[in-house]
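Here is the structure we will look at, set down as structure tokens.
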Amino acid sequence: SVRYLTSDISISQMQSLSKSGVVVYQEWANAMGIDSKIEELGKEAKLLWVGPQSADRIVLYIPGGGYVNPITDYMIQFFHRIQQETNKKMKGEEIAVVVLDYSQFPSTFPTQLIQLISAVERLFTAGVKPSGLTLIGDSAGANIILQFLSHTLHPIPEIPPSPLSTRDTMNSLQGVCLISPWVGLNEATPSHFQNDAYDILASRTLLYWGSAYVAKVPGFMHHYIKVSCAPKNWFDGIGKLVNRVLITAGGSEVLLDDAVNLKETLAKVHPDVNIDIEVGAVHDEPILDSGANVKTLGRVAYVMIDWL
1 SVRYLTSDIS ISQMQSLSKS GVVVYQEWAN AMGIDSKIEE LGKEAKLLWV GPQSADRIVL
61 YIPGGGYVNP ITDYMIQFFH RIQQETNKKM KGEEIAVVVL DYSQFPSTFP TQLIQLISAV
121 ERLFTAGVKP SGLTLIGDSA GANIILQFLS HTLHPIPEIP PSPLSTRDTM NSLQGVCLIS
181 PWVGLNEATP SHFQNDAYDI LASRTLLYWG SAYVAKVPGF MHHYIKVSCA PKNWFDGIGK
241 LVNRVLITAG GSEVLLDDAV NLKETLAKVH PDVNIDIEVG AVHDEPILDS GANVKTLGRV
301 AYVMIDWL
């Protein structure tokens, strides 16, 4: 099980057992009979195309993994299925998923933020409009999206500006979807204790990974990586950046409080923020179903498809 594989093992040991994101993607594409399309972004980041680059609308997926694990084949497969099912309901438009392959630990903030900035800039340069771009991230990937929005609203002079703030006209992104968002990193909330026995990720594992990441980030930058550290008005103006926000979480996951608290924070400054909590579900459950070879997409997956 995921819990067994991630417990009582060091980050370096776990990483030594993992294939790179590029290798995982290439093996998945070969198995599916799909031509792999990889774009080098520099800064050790890459775009891995699941759908056609010529699509009308793009979903940029930033995968989770605790900042220690690259993407898995079942994560790619899940978003391939989301792409297929969404295109069935699209009228006159096509949607395509592209995955950001980013640096893992020991790289920490702002490396992943800079890589996401580079990815969005590349897509805009290729002709993708903000209104045709949706960002989706699960777990740590959701955290990177929050870093990106924070940097757009509160630019850090030492790193490249956000592509959203450098456009001649401030167009909003089509949307942002945050699946089982990892917000607290090294902070335990009540759901860490209430759900620890039920989730596929142990609270202590998440706190171990999160503490390793946070330890390398200066304290005065923590509000970029941990929403709980940010001032109350931190996300004021987010409505100008994103048309709508969807958050999903499992009712039995350790990070449930992260999702609920984030929804409350964003809903105070944005009129279209929704949360879907699946009773009894664990961390990343919609995506994990693909890893368990579940043949049909679950309810939450169709919530995402309808939202797209």
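Start counting the sequence shown at 1; every next residue gets the next number (full-length UniProt numbering).
Glycine is no exception: its CB is placed at the ideal position from the N, C-alpha and C atoms.
Since we're looking at a predicted model, the values are computed, not measured.
Q | Helix, strand or coil at residue 45 [DSSP, three-state] | A | strand
Q) Which class does residue 200 belong to by DSSP, given the choice of helix, strand or coil? A) coil
Q: Just confirm the distance between the C-beta atoms of residue 331 and residue 282, as a whole number of angstroms; I'd bet it's less than 8 Å.
A: Past the edges of the chain, shown from 1 to 308, lies residue 331, and the structure says nothing about it.
Q: Could you check which residue in 306, 178, 246 and 287 has the C-alpha nearest to that of residue 310?
A: Outside the displayed range of the chain (1 to 308) lies residue 310, so it cannot be described from this structure.
**Q.** Burial state of residue 257, where buried means 16 or more other Cβ atoms lie within 10 Å
**A.** buried
Q) If you run the structure through DSSP and keep just helix, strand and coil, what is residue 296? A) coil
Q. Quick one: Cα of residue 22 to Cα of residue 69, how far?
A. 13 Å
Q: Report the option in 97, 228 and 29 whose CA atom is closest to the CA atom of residue 54.
A: 97
(Q) Let's test the definition: count the other Cβ atoms within 10 Å of the Cβ of residue 17 and tell me whether it reaches 16, buried, or not, exposed. (A) exposed
Q: Take every Cβ of the region 288 to 303, pair it with every Cβ of the region 207 to 219, and state whether three or more of those distances are shorter than 8 Å.
A: no
(Q) On the criterion of 16 or more Cβ atoms from any shown chain inside 10 Å, does residue 236 qualify as buried, or is it exposed? (A) exposed
Q) So is residue 323 buried or exposed if we call it buried at 16+ other beta carbons inside 10 Å? A) Only positions 1 to 308 of the chain appear in the structure, and residue 323 is not among them; the question remains open.
Q: Sort 305, 209 and 173 by Cα distance to residue 131 and report the nearest one.
A: 173
**Q.** alpha helix (DSSP H) runs wholly inside the region 210 to 264, at least 4 long, in chain order
**A.** 222 to 225
Q. Is residue 109 near the ligand SAH, in the sense that its beta carbon is under 6 Å from a heavy atom of that ligand?
A. Among the ligands in the structure shown, none appear at all, so the ligand SAH cannot be discussed.
Q: Thinking residue 225 and residue 270 are a contact (beta carbons under 8 Å), I'd like their distance in whole angstroms, please.
A: Contact flag wrong, Cβ pair sits at about 20 Å.
Q | Same chain, Cβ closer than 6 Å to residue 115, neighbours up to 5 away in sequence not counted | A | 43, 45 and 102
**Q.** Cβ neighbours of residue 308 in the same chain (closer than 6 Å, five flanking residues each side left out)
**A.** 86
(Q) On the CB-based measure, 16 or more other CB atoms within 10 Å of its CB, does residue 195 come out buried or exposed? (A) buried
Q: Measure the Cβ-Cβ separation of residue 25 and residue 47 and say whether it is below 7 Å.
A: no
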